[in-house]
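*Asks:* Okay, here's the structure, questions in a sec.
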Amino acid sequence: MHRPALEREIQLVGHELAKAFPSRRGHPIRALDERAMDLAARDEELRAALFRFVDVVPACRSAGDLATHLIGFLDEVHDQPPPLSAAMRMACSGAGRAALGAASAASVRHMAHRFIVGSDPRAALPTLARLWHDAIATSVDLLGEATVTAVEADRYAARCAAALDVLAPAYAAMDPHPLLERDSVGVLPRANLSVKVSALTPLLRAEAPARGRDDAAPRLRELLRRADALGAHLHIDMESLDSREAVLELVLELLAEPEFERGPSAGIVLQAYLRDSPETLDRVLDWARATPRPGVALVVRLVKGAYWDHEVVEARSHGWSVPVFEEKAACDRNFETLTERLMQARPAVRVAIASHNLRSVSHAIACNRLQGGSDADVELQVLRGLGDDLGHALATLGLRVRAYCPVGDLVAGMAYLVRRLLENTANESFLHDQATGVPLELLLAPPAT
Ligand SMILES: Cc1cc2nc3c(=O)[nH]c(=O)nc-3n(C[C@H](O)[C@H](O)[C@H](O)COP(=O)(O)OP(=O)(O)OC[C@H]3O[C@@H](n4cnc5c(N)ncnc54)[C@H](O)[C@@H]3O)c2cc1C
7 MHRPALEREI QLVGHELAKA FPSRRGHPIR ALDERAMDLA ARDEELRAAL FRFVDVVPAC
67 RSAGDLATHL IGFLDEVHDQ PPPLSAAMRM ACSGAGRAAL GAASAASVRH MAHRFIVGSD
127 PRAALPTLAR LWHDAIATSV DLLGEATVTA VEADRYAARC AAALDVLAPA YAAMDPHPLL
187 ERDSVGVLPR ANLSVKVSAL TPLLRAEAPA RGRDDAAPRL RELLRRADAL GAHLHIDMES
247 LDSREAVLEL VLELLAEPEF ERGPSAGIVL QAYLRDSPET LDRVLDWARA TPRPGVALVV
307 RLVKGAYWDH EVVEARSHGW SVPVFEEKAA CDRNFETLTE RLMQARPAVR VAIASHNLRS
367 VSHAIACNRL QGGSDADVEL QVLRGLGDDL GHALATLGLR VRAYCPVGDL VAGMAYLVRR
427 LLENTANESF LHDQATGVPL ELLLAPPAT
């Protein structure tokens, strides 16, 4: 691709998108209205204390209990900023402790509700319908990760099947939205569910991927059948690296079975933070070319990866070489290279770009346009709660958007919530840069070499 032309197009798209932002509620992080998160972003100790607190909230039985935990964690922070010292002073009396506990419980719930669209799929329907009305498709994710028994895996599979049963008729009753329902490959299912293999089997282990794969296969096969019968899409999320092999093998082997040749529409995830992701893409593309599925080409959702801290700590603790890029710009450059390769591989695959980074998203749109693709031929995905403004801005510009919408209760949602908060406050995150006022020119600049 002609680089100067691509850069010009990225700048055009990026400025157009940035202009569409202020018409919504304003700043992604400011919109979260979490002063605590602002403080946390600046202080590692405070950040750690808040994450430990968020983790224990669901187990607390009363406001006093909550306050005791909060104070316990915050007490470990050495240089307390003034709002924190004020909270600690409040906790000196019984009444103050109860008030502090109630206020902190309310903030955690408030925070969780920005990311979680309902306690179950039925409760989520009004939000999903509102998004569809605003020209935003969704993928529903049932919260609850890492299953430890077969009974739990069966229960998760049953919840997924029940979710498809609720979502498919509900979406069928919604008004038509041509942009969200067809691309040049064919029909795009309205109902879309994201599932996690770690919840479909208790046997997922890096050292024995075949065990986890074989144990999850019957449950995933049933879900594929259900999705096919209901005309829904099933997306298989990617988790930490230790499960990648099992997940990839499982999905690619099942979708190659003759009964799934013509459906359902299904997808996998490619994580650009992994150094070996270009080789993983080779493998996926070889599979896609050798396994044509007419009208239901494999959807590849490109992400950077949500387990960066985990992968670094895990590798270092074992003395292994770190499998993820350790420089943010290297990860961003790889994301752009993979975007270009995925787009060139169409129609063997359908492409979904999942990012809140204005540069990464503008690059994908620009790249598609310069390759002569129609805007309908690339899906742009955002996370509910983090990418709401970007999602609406993209939809306003007539681009095809899907929001990933977690469903479940607060207890099940804690791991998810903590990951999102880590993302929100990480120094090297695009959202952090945007929130701290980094100018648009720098936000849209090519990742440094
Ligand atoms: C719709 C949707 C679905 C998703 N599904 C999945 C999924 O199935 N599996 C999954 O793992 N993730 C998933 N994610 C999360 C995604 O991987 C990213 O964590 C998140 O979107 C942040 O990336 P960004 O491009 O939005 O932001 P950016 O701020 O541009 O990038 C942040 C990301 O850069 C990477 N990074 C941070 N610091 C460094 C560093 N020092 N060196 C190298 N890389 C670094 C990390 O991956 C971090 O998450 C999904 C995201 C979306 C929007």
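Just so you know, the sequence shown maps onto residues 7 to 455 in the working numbering.
We treat Cβ as the ideally placed atom computed from N, Cα and C, and that holds for glycine.
Quantities reported herein were computed from a predicted structural model and do not represent experimental measurements.
1) In three-state terms, what does DSSP make of D71?
2) Quick check: does the Cβ of D248 come within less than 6 Å of any heavy atom belonging to ligand 1?
3) For V275, report the span of its beta strand (DSSP E) as first-last.
4) Assuming G410 is part of the beta strand (DSSP E), what are its boundary residues?
5) Could you name each continuous beta strand (DSSP E) segment of 3 residues or more that falls completely within the stretch 112 to 165, going from the start of the chain to the end?
6) I believe L170 touches L148 by the beta-carbon criterion, under 8 Å. Please report the beta-carbon distance rounded to the nearest angstrom.
7) Roughly how many angstroms separate the alpha carbons of A54 and F79, rounded to a whole number?
8) Reducing DSSP to helix, strand and coil, say where L194 ends up.
9) Is H362 near ligand 1 - that is, is its Cβ less than 6 Å away from at least one heavy atom of it?
10) Give the secondary structure of R232 by DSSP, where H, G and I count as helix, E and B as strand, and everything else as coil.
11) With contact counted as at least three CB pairs below 8 Å, one residue from each stretch, are the stretch 308 to 318 and the stretch 242 to 259 in contact?
12) Can you name, in chain order, every residue of its own chain whose Cβ lies under 6 Å from the Cβ of D415, other than the five neighbours on each side?
13) For D234, which residues from the same chain have a beta carbon less than 8 Å from its beta carbon, with the 5 sequence-adjacent residues on both sides left out?
14) Can L23 and A399 be called in contact, C-beta distance under 7 Å?
15) Identify the residues that DSSP records as bridge partners of H241: which are they?
16) Can you find the residues in the same chain that come closer than 6 Å, C-beta to C-beta, to A294, ignoring five residues on each side of it along the sequence?
17) Please go through the stretch 369 to 393 and give each complete beta strand (DSSP E) segment of 3 or more residues, from N-terminal end onward.
18) I need the straight-line Cα distance from G107 to L389, nearest angstrom please.
19) Would E515 pass as a contact of C373 if the rule is Cβ separation under 7 Å?
20) Examine chain B for any beta-carbon lying closer than 7 Å to the beta-carbon of A54, and answer yes or no.
21) Return the residue from the list E447, P453, R307 that minimises the CA-CA distance to Q17.
22) Should the stretch 154 to 172 be regarded as contacting the stretch 415 to 424, the criterion being three or more beta carbon pairs within less than 8 Å?
23) DSSP state of R352, grouped into three classes?
24) Cβ atoms of L450 and D102: under 7 Å apart, would you say?
25) How long is the line joining the alpha carbons of A497 and L256, rounded to whole angstroms?
26) Rounded to whole angstroms, what is the Cα-Cα separation between V407 and E385?
27) Could you check whether the Cβ of Y279 sits closer than 6 Å to any heavy atom belonging to ligand 1?
28) Restricting to Cα atoms, I'd like to know which of L210, A382, G192 is closest to E251.
29) Any heavy atom of ligand 1 closer than 6 Å to the CB of Y410?
30) Report, in whole angstroms, the separation of the C-beta atoms of Q277 and G311, which I expect to be a contact under 8 Å.
31) Flag C337 as yes when its Cβ comes closer than 6 Å to any non-hydrogen atom of ligand 1, and as no otherwise.
32) Only counting runs of 3 or more residues, tell me where the beta strand (DSSP E) segments fall wholly within the stretch 292 to 335, in order along the chain.
33) Using only the alpha-carbon positions, how far apart do G92 and A104 sit?
34) Closest by CA to V306, which one among L348, L56, R95?
35) Could you give the C-beta distance for F341 and L308, rounded to a whole number, given that I count them as a contact under 8 Å?
36) Below 6 Å, is the gap between the Cβ of G100 and the nearest heavy atom of ligand 2?
*Replies:* Quick look at the numbers:
1) The residue you call residue 71 lines up with position 65 of the sequence shown. The answer is helix: DSSP assigns D71 an H, G or I state.
2) Position 242 of the sequence shown, counted from the first residue, corresponds to residue 248. Every heavy atom of ligand 1 is 6 Å or more from the Cβ of D248, so no.
3) Residue mapping note: residue 275 aligns to position 269 of the sequence shown, counting from 1. 272 to 277 is the extent of the beta strand (DSSP E) around V275.
4) For the purposes of this step, residue 410 is taken as the residue at position 404 of the sequence shown. Reading the sequence as shown, one finds Tyr at residue 410 and not Gly. 407 to 413 is the span of the beta strand (DSSP E), which, as asked, contains Y410.
5) 142 to 148
6) The residue labelled residue 170 in the question sits at position 164 within the sequence shown. The residue labelled residue 148 in the question sits at position 142 within the sequence shown. About 10 Å; that fails the 8 Å criterion.
7) On the sequence shown, position 48 is the one that residue 54 refers to. On the sequence shown, position 73 is the one that residue 79 refers to. Rounded to the nearest angstrom, the two C-alpha atoms are 9 Å apart.
8) Taking the first residue of the sequence shown as 1, we reach residue 194 at position 188. Looking at L194 - three-state DSSP - the assignment turns out to be coil, as it is neither helix nor strand.
9) The count along the sequence shown starts at 1 and reaches residue 362 at position 356. Indeed, a heavy atom of ligand 1 lies less than 6 Å from the Cβ.
10) Counting from one through the sequence shown, the residue named residue 232 turns up at place 226. Correct three-state label for R232: helix.
11) yes
12) Position 409 of the sequence shown, counted from the start, is the residue given in the question as residue 415. For D415, where only same-chain residues beyond five positions count, the Cβ hits under 6 Å are S125.
13) Translated into positions along the sequence shown, residue 234 becomes position 228. Cβ within range, chain order: F266, G269, P270.
14) For this step, residue 23 is matched to residue 17 along the sequence shown. For this step, residue 399 is matched to residue 393 along the sequence shown. The answer is yes: Cβ separation under 7 Å.
15) Residue numbering aside, residue 241 sits at position 235 when the sequence shown is read from its first letter. Answer is S200, G273, bridged to H241.
16) Numbered from its first residue, the sequence shown carries residue 294 at position 288. Same-chain partners within the cutoff: L304, A354, V355.
17) 385 to 389
18) As a first step, residue 107 must be located in the sequence shown, where it is residue number 101. As a first step, residue 389 must be located in the sequence shown, where it is residue number 383. In a straight line, the C-alpha of G107 is about 29 Å away from that of L389.
19) Here the chain has residues from 7 to 455 only, and residue 515 is not among them.
20) This model lacks chain B altogether; it includes just one protein chain.
21) Your numbering for residue 17 matches position 11 in the sequence shown. Among E447, P453, R307, the Cα nearest to that of Q17 is on E447.
22) no
23) Position 346 of the sequence shown, counting from 1, holds the residue named residue 352. Correct three-state label for R352: coil.
24) Stepping through the sequence shown from its first residue, residue 102 is reached at position 96. Stepping through the sequence shown from its first residue, residue 450 is reached at position 444. Looking at the sequence provided, one finds Gly at residue 102 rather than Asp. No, these two residues do not count as a Cβ contact at 7 Å.
25) In the structure displayed, the chain extends from 7 to 455; residue 497 sits before or after that span and is not available.
26) Taking the first residue of the sequence shown as position 1, residue 407 is located at position 401. Taking the first residue of the sequence shown as position 1, residue 385 is located at position 379. Taking the straight line from one Cα to the other gives about 6 Å.
27) Indexing the sequence shown from 1 puts residue 279 at position 273. Correct: Y279 has its Cβ closer than 6 Å to ligand 1.
28) Here the question's residue 251 lines up with position 245 in the sequence shown. Checking every option, the nearest Cα to that of E251 belongs to L210.
29) Indexing the sequence shown from 1 puts residue 410 at position 404. Yes, since a heavy atom of ligand 1 falls inside the 6 Å radius drawn around the Cβ of Y410.
30) Stepping through the sequence shown from its first residue, residue 277 is reached at position 271. Stepping through the sequence shown from its first residue, residue 311 is reached at position 305. Q277 to G311, Cβ: 4 Å. Contact.
31) The sequence position of residue 337 within the sequence shown is 331, counting from 1. Yes, since a heavy atom of ligand 1 falls inside the 6 Å radius drawn around the Cβ of C337.
32) 304 to 309
33) Working through the sequence shown from its first residue, we reach residue 92 at position 86. Working through the sequence shown from its first residue, we reach residue 104 at position 98. Looking at the sequence shown, residue 92 is not Gly but Ala. For A92 and A104, the distance between alpha carbons rounds to 15 Å.
34) The residue labelled residue 306 in the question sits at position 300 within the sequence shown. Looking at the Cα atoms, L348 is the closest of the given residues.
35) Locating residue 341 in the sequence shown gives position 335, where the first residue counts as 1. Locating residue 308 in the sequence shown gives position 302, where the first residue counts as 1. Contact holds; Cβ gap of about 7 Å.
36) Only ligand 1 can be found as ligands here, which leaves ligand 2 out of the picture.
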